[in-house]
Amino acid sequence: MDFTIVFYISLAILLLILLVKVSRRPASDEGSFFDRVLCKEFQGFLAVFIIFHQTVITFEHFQADIPSEEILPFFNYYYYGILAVAFFFFSSGFGLLKRRMTDESYMKGFMRRRIFTVLVPFFICNYIYLTDALINNIMSGGHFHSAEVICSFFGVFLINNQMWFAVEIMILYLLFRIVFAKIKKPVYGILIMTGTVLVMVVIGLLAGHSDYAIMSYWFKGEWWYNTILMFPLGMLYAYKEERLNKIFKAAFLPLLIASSILFVIFDYIHRGLIGRSIYWTETFDSPNPLLDKLLGLSVETVFEIIFLILVLTVMSRVKFGNPVLKFFGKISLEMIMLNYLFCSKLFFLYTRYGIYVYVAAVFAGTVLSAAAVYFIKNIVLERRTRLFDGKVN
Numbered sequence: 204m205d206f207t208i209v210f211y212i213s214l215a216i217l218l219l220i221l222l223v224k225v226s227r228r229p230a231s232d233e234g235s236f237f238d239r240v241l242c243k244e245f246q247g248f249l250a251v252f253i254i255f256h257q258t259v260i261t262f263e264h265f266q267a268d269i270p271s272e273e274i275l276p277f278f279n280y281y282y283y284g285i286l287a288v289a290f291f292f293f294s295s296g297f298g299l300l301k302r303r304m305t306d307e308s309y310m311k312g313f314m315r316r317r318i319f320t321v322l323v324p325f326f327i328c329n330y331i332y333l334t335d336a337l338i339n340n341i342m343s344g345g346h347f348h349s350a351e352v353i354c355s356f357f358g359v360f361l362i363n364n365q366m367w368f369a370v371e372i373m374i375l376y377l378l379f380r381i382v383f384a385k386i387k388k389p390v391y392g393i394l395i396m397t398g399t400v401l402v403m404v405v406i407g408l409l410a411g412h413s414d415y416a417i418m419s420y421w422f423k424g425e426w427w428y429n430t431i432l433m434f435p436l437g438m439l440y441a442y443k444e445e446r447l448n449k450i451f452k453a454a455f456l457p458l459l460i461a462s463s464i465l466f467v468i469f470d471y472i473h474r475g476l477i478g479r480s481i482y483w484t485e486t487f488d489s490p491n492p493l494l495d496k497l498l499g500l501s502v503e504t505v506f507e508i509i510f511l512i513l514v515l516t517v518m519s520r521v522k523f524g525n526p527v528l529k530f531f532g533k534i535s536l537e538m539i540m541l542n543y544l545f546c547s548k549l550f551f552l553y554t555r556y557g558i559y560v561y562v563a564a565v566f567a568g569t570v571l572s573a574a575a576v577y578f579i580k581n582i583v584l585e586r587r588t589r590l591f592d593g594k595v596n
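Using my numbering, the final residue of the sequence shown is 596, and nothing's skipped along the way.
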């Protein structure tokens, strides 16, 4: 019962964050409805969602002795993590190409403006996890191999594999910088980026999983490749935005109905595949584990596209935006990277005080620490943007 109550409380918080100051988009609004500010704010909403998603994953890792029927409502967050990450990749691809097409000087200072903005908080968080792991090993009498410590120091071995997103988005930013520094026509750049992303997908498919529970080298695990295709899709949307936006606005009702129905259908199919551990069948002696992974990837890719169409359709008629979304949007990356630290370190609160105290502490710890890392990042990068100034970087 407690898990059910917490689920509805957290759902109410999510809806409150998203819907405060929501308004209908004026019919006379002929401009882009998917701009950089809106993307960042919606990412803030999804970052809060990922806190609850990671909390559910923590219960899996800790294998808490909880009856399945009791945790079931809260477990709903488990199935939609890929959709949140899909939006992050989609909006990143969209934002990069959109700026490249509209700002001739955009590639100047790109490394500092884009890659270092991720690199700095990544290494701050990485060293937090590494320090914590080394202390735990000393206290427990365990040890890392020297190669693991060296690779961890440089971020090649991830102490917390939830940091994978920062690594992959930096790879994509770097590839974008290389490709579009030479190529002027967007369509050619999109094709090259798509081909490169497909290579990354193949690497992930063949790499399998890590031997560790929460640690891994790069590209170990399906999360490295089951949402990344949305990055070039976001670039394609930026390239054809004007034409596609006309379709979203003109066919609003049919698109809304069709995408909603398809979302429900693919949600059901996706849950079934997750229940079969479709990406892990090599551990069950499946005769065709690679085909199983391809099936999972195919279904999830379609599921993500349907979700994005649904979101874009809604955004064509509805305007989201409020100070809370702006705040969470600014620290969304830091929240994603730091969340698991508090999920694992504060788990004792669950065993002592229950789910309410635990979830509240994880949420507060994640937000406060993410804000602190954001503040440090701004000092390192000599940026003047502040958490509450309403500006989007």
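Here a beta-carbon is modelled for each residue, glycine too, at the ideal position from N, C-alpha and C.
Straight through space, the alpha carbons of F291 and L408 are spaced by roughly 21 Å. Assigned with DSSP and collapsed to three states, K385 falls in helix. When V259, L218 and L217 are compared, the shortest CA-CA separation from F206 is found for V259. Within a 10 Å sphere around the beta-carbon of T430 sit 16 or more other beta-carbons, which makes this residue buried. Contact annotation, M433 with L511: C-beta distance approximately 7 Å; criterion of less than 8 Å satisfied. Around the beta carbon of G475, fewer than 16 other beta carbons lie within 10 angstroms, which makes this residue exposed. When rounded, the separation of the alpha-carbon atoms in P276 and I331 is 32 Å. For A453, the uninterrupted alpha helix (DSSP H) run begins and ends at E444 to A453, by DSSP. Check the Cα spacing between I579 and each of E445, C328 and S355: the tightest is with C328. Counting C-beta pairs closer than 8 Å gives three or more between the region 289 to 304 and the region 375 to 385, which meets the contact rule.
The shortest CA-to-CA distance from K548 to any of F245, D495, E537 and F566 is the one to F566. CA-to-CA, the gap between C546 and Q257 works out to about 7 Å. Bounds of any alpha helix (DSSP H) do not take in K311, whose DSSP letter is neither H nor E. In the three-state reduction of the DSSP assignment, F510 falls in the helix class, which pools H, G and I. At a cut-off of 4 residues, the continuous stretches assigned as alpha helix (DSSP H) that sit fully inside the region 527 to 580 are 535 to 548 and 550 to 556. Of K311, R316 and F252, the smallest CA-CA separation from I285 is found for F252. Assignment of S462 by DSSP, reduced to helix, strand and coil, places it in the helix class. Counting C-beta pairs with one atom in each stretch, the region 377 to 391 and the region 343 to 357 have fewer than three that are closer than 8 Å, which means they do not touch. Inter-residue distance for L394 and M540 is about 30 Å (C-alpha atoms, whole angstroms). Judged by DSSP secondary structure, R303 falls within the alpha helix (DSSP H) whose first and last residues are G284 to T305. Residues D205, F206 and V209 of the same chain have their beta carbon placed closer than 7 Å to that of I558, with the five preceding and five following residues left out of the count.
Excluding sequence positions up to five before and after F523, its CB lies within less than 7 Å of the CB of L221, V225, L241, E244 and F245, all in the same chain and listed in chain order. For K423, the three-state secondary structure derived from DSSP is coil. By the CB criterion at 8 Å, T569 and M518 fall outside the cutoff. By the criterion of a C-beta distance shorter than 7 Å, Y440 is surrounded in its chain by F297 and L447, once the five residues flanking it on both sides are discounted. The region 358 to 367 and the region 405 to 422 touch, with three or more beta-carbon pairs separated by less than 8 Å. Boundaries of the alpha helix (DSSP H) harbouring M342: F319 to S343, taken from the DSSP string.
A residue is called buried once 16 or more other Cβ atoms fall within 10 Å of its Cβ, and P457, having fewer, is exposed. Taking 8 Å as the cut-off, the beta carbon of G499 is found closer than this to the beta carbon of Y482.
Distances from the alpha-carbon of F531 to those of A215, L249, F237 and R239 put L249 closest. Between T320 and L584 the beta-carbon gap is near 7 Å, inside 8 Å, which marks them as a contact. Counted as a single uninterrupted DSSP element, the alpha helix (DSSP H) harbouring V352 occupies residues S349 to F356. Between M304 and V562, the alpha-carbon positions lie close to 43 Å from each other. Note on geometry: alpha-carbon atoms of N340 and H346 lie some 5 Å from one another. Beyond the five residues adjoining it in sequence on each side, P435 comes within less than 7 Å, by CB distance, of G296, I393, M396, T397 and V400 in the same chain, given in chain order.
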